[in-house]
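In the working numbering, the protein residues as written are 9 to 186.
Working notes for the structure below.
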Amino acid sequence: MEKMSWNVKEEHIVDDLVALLSITAEECQLLRSLQGEAEAITARMVDEYYDRLLAHEMTREFITDLAALKRTLAQWFVKLFCGNYDKNYALDRLRIGMAHVRIGLPVRYPLAMFDVLDRYGVEVAEKKGPEAVIAFRKVLALDVATFTQAYDNTQLNHLKDLVGGSETLARRLLTDKY
Ligand code: HEM
9 MEKMSWNVKE EHIVDDLVAL LSITAEECQL LRSLQGEAEA ITARMVDEYY
59 DRLLAHEMTR EFITDLAALK RTLAQWFVKL FCGNYDKNYA LDRLRIGMAH
109 VRIGLPVRYP LAMFDVLDRY GVEVAEKKGP EAVIAFRKVL ALDVATFTQA
159 YDNTQLNHLK DLVGGSETLA RRLLTDKY
């Protein structure tokens, strides 16, 4: 019943994902060389991103300080191109995911919005050719996975508390085999 992946926790998920996605040192270097280009398009990207969220009644009600949200999203986007996907990177991205869990934002909204981030990221990456596009998409996948992990962790941890601290029992309850 026990799976090895169940023991991969917190910041350690980044090593697991980097290995799964086989993100190479060359790809990291390629992305790092594009960080300036990424910075240059953030204003356009965050405007489109928040125009869409504000146009939709369900997502609009979560938007509080628009200027601050645009700033943090811009920083998040530029960091995608940092080229250093280590434990600190994972912790920072999990913390950002948690900020959304905490406000009760359904996970479908951030997931549905990744298409905008993908489109602008590809626009940046294309300046260095198809290898850079592949590298960018790997890191975006790493980020989608880490963002979602924050939701997953919260459910598991709460259920674990409810059942008296047994993670195995909590995991069994979350499968349909229980
Ligand atoms: C691709 C998905 C998204 C990314 C990468 C992202 C990025 C971020 C970042 C970097 C922060 C700052 C977190 C911090 O440093 O504490 C943040 C906070 C926030 N985001 Fe997002 N966001 C995403 C999706 C959304 C969506 C879809 C909404 C609303 C519908 C939203 C609403 C918010 C709000 C309200 C906060 C402030 C949370 C607080 O008060 O602690 N985000 N987001």
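Ideal Cβ placement from N, Cα and C applies to all residues, glycine included.
Would you say Met121 touches the ligand HEM, meaning its beta carbon is less than 7 Å from a heavy atom? Result yes, Cβ under 7 Å from the ligand HEM.
Whole angstroms is fine: what's the gap from Met121's alpha carbon to Asp59's? Looking at the two C-alpha atoms, the distance is approximately 12 Å.
Using three-state DSSP, classify Asn92 as helix, strand or coil. Taken through DSSP and simplified to helix, strand or coil, Asn92 comes out as coil.
How big is the Cα-Cα spacing for Pro118 and Leu61? 10 Å
Can you grab the Cα-Cα spacing for the pair Tyr57 / Val124, in whole Å? Their backbone Cα atoms lie some 7 Å apart in a straight line.
In angstroms with no decimal places, state the Cα-to-Cα distance between Glu65 and Ala158. Put simply, the backbone Cα of Glu65 is about 25 Å away from that of Ala158.
Buried or exposed (CB count within 10 angstroms, at least 16 for buried), Arg101: buried
Glu35 classed as buried or exposed, judged by whether at least 16 other C-beta atoms fall within 10 angstroms: buried
Which class does Val130 belong to by DSSP, given the choice of helix, strand or coil? helix
For Lys185, does the count of other Cβ atoms within 10 angstroms reach 16, so buried, or fall short, so exposed? exposed
Residues near Leu167 by beta carbon distance below 8 Å, same chain, minus five either side: Ala178, Leu181 and Leu182
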